[in-house]
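Quick notes on the structure that follows.
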Ligand code: BGC
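Numbering (the working numbering), first residue to last: 330 to 675.
So this is what it looks like as structure tokens:
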């Protein structure tokens, strides 16, 4: 009985091993020919697949071959430090006559369709840089050349929008900036907007392109004015306002055609809302103005004083809420989003 039971046990074990092997080979055969559930049970999960895909796309992005992936790159969890370790302070500006757009693109290959975000930390603010423009290609090139690395050293999530006025009607900087604000918000809920003249290049990267609790004026001094504040209430050149601050003042007036006045008008709007303009220290808020002659189509606006006298009466109905325009095209170029717009005429 004892011998028989041990033989039986052995036979039973052999039988189990045989059955196990049989099951495994059936499964293997099934998975090879069906391509169905067995295969998928052994395959990576959807989540794993997404990670693999993301990683390989990231590799592609880093090698500079992909243009889309930056926008789907997951945001890192760690917040960027208050003061970026990449800042250099005063930087030497370079206005090399032979500079080409392609070179600026190559040097900024982490920028995709005008947009960038740091890969090692989450930026503290998302900032849209709005540049009104018409026929100033050279100035734009110098600005892009300096501004992209400057903003990256500040560890910002940002995008550059160039708003081009179509046609030959008198230039209207303020209305173009209203258009830029409205168009940029179609892409992303930016926290902060920088209204930036095309011919002003920042000299010190500690002049931070972020918004404060109050509207901020970034050009305390420029070479053309001996690095002194132009006049007490000056609020032109480069200014930074939070999305809500700009909304609260109803944006810029749309009615300033030609040079001058629109920035003073914005200051009045800000003051009417009991906000106070703040400025960074004068040794940081320094700009070089790229020399140019007055553009044709942007003559001094002789009516500007008259317009400024009625700001308190009209700001509620002349501004973002009455900004009518026709978008002709939105081109997502490597270094900026080019919005060409018909804003009408005076
Ligand atoms: C104009 C402003 C301009 C400033 C500085 C003022 O007279 O009204 O629009 O920014 O001069 O040039």
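C-beta atoms are modelled at their ideal positions from N, C-alpha and C, and glycine is treated no differently.
If you're wondering where the values come from, they're calculated on a predicted model, not measured in any experiment.
Counted within 10 angstroms of its Cβ, other Cβ atoms place residue 629 as buried (16 or more) or exposed: exposed
Buried or exposed (CB count within 10 angstroms, at least 16 for buried), residue 436: exposed
Coarse secondary structure for residue 394, derived from DSSP in three states: Only weak support exists for where residue 394 lies, its pLDDT of 36 falling under 50; the value from the coordinates is given anyway. Coil at residue 394, not helix or strand.
Coil, strand or helix - residue 387 by DSSP: Confidence at residue 387 is low in this model, with a pLDDT of 37, below 50, so its placement is unreliable and the value that follows should be read with caution. Helix at residue 387.
Collapsed DSSP secondary structure at residue 513 in the structure displayed: DSSP places residue 513 within a helical segment (H, G or I) once states are collapsed to three.
DSSP bridge partner residues for residue 350 (one or two, in chain order): DSSP, once it has assigned bridges, lists no residue as partnering residue 350.
For residue 567 and residue 551, the rounded distance between their alpha carbons: So the alpha carbons of these two residues sit roughly 11 Å apart.
When 591, 471, 422, 484 are compared against residue 449, the one with the closest alpha-carbon: 484
Distance between residue 609 and residue 416 (C-alpha atoms, nearest Å): Computed Cα separation, rounded: 16 Å.
Classification of residue 642 by the beta-carbon crowding that lies within 10 angstroms, buried from 16 upward: Per the 10 Å Cβ criterion, exposed.
Own chain residues within Cβ distance below 7 Å of residue 479, not counting five before or after: 531, 534
Local Cβ density within 10 Å of residue 570, reported as buried at 16 or more and exposed below that: buried
Beta-carbon separation (whole angstroms), residue 508 vs residue 654, contact threshold 8 Å: About 5 Å separates the beta carbons of residue 508 and residue 654, which is inside the 8 Å limit, making them a contact pair.
Residue from 496, 673, 647 with nearest C-alpha to residue 577: 647
Rounded C-alpha distance that separates residue 667 from residue 502: 15 Å
Whole-angstrom distance between residue 669 and residue 458, CA atom to CA atom: 16 Å
Quiz: which residues have CB nearer than 6 Å to the ligand BGC non-hydrogen atoms: 559, 565, 589, 590, 592, 593, 633
CA-to-CA distance, residue 613 to residue 414, given in whole angstroms: 17 Å
Cβ-based burial, residue 598 [other Cβ within 10 Å; buried from 16]: buried
Euclidean distance between Cα positions of residue 447 and residue 675: 42 Å
Whole-number beta carbon distance between residue 440 and residue 664, since they are thought to touch under 8 Å: The beta carbons of residue 664 and residue 440 sit about 6 Å from each other, so the pair counts as a contact at 8 Å.
8 Å contact criterion, which residue 420 and residue 470 should meet: CB distance rounded: Actually they do not touch by this definition, with Cβ atoms about 17 Å apart.
Best match in 594, 574, 572, 589 for proximity to residue 581 [C-alpha to C-alpha]: 594
Distance between residue 583 and residue 651 (C-alpha atoms, nearest Å): Taking the straight line from one Cα to the other gives about 8 Å.
Exposure of residue 657, with buried meaning 16 or more beta-carbon neighbours within 10 Å: exposed
Collapsed DSSP secondary structure at residue 554 in the structure displayed: helix
Endpoints, beta strand (DSSP E) assigned at residue 661: 655-661
Residue 517 to residue 451 span [Cα, whole Å]: 16 Å
Among 548, 660, 638, 528, nearest to residue 472 - alpha-carbon criterion: 528
Member of 659, 475, 342, 526 whose CA lies at the smallest distance from the CA of residue 430: The candidate whose alpha carbon is nearest that of residue 430 is 475.
Nearest neighbour of residue 604, chosen from 575, 588, 405, 464 [CA to CA]: With distances taken between Cα atoms, residue 604 lies closest to 575.
Contact under 8 Å by Cβ, residue 462 with residue 493: yes
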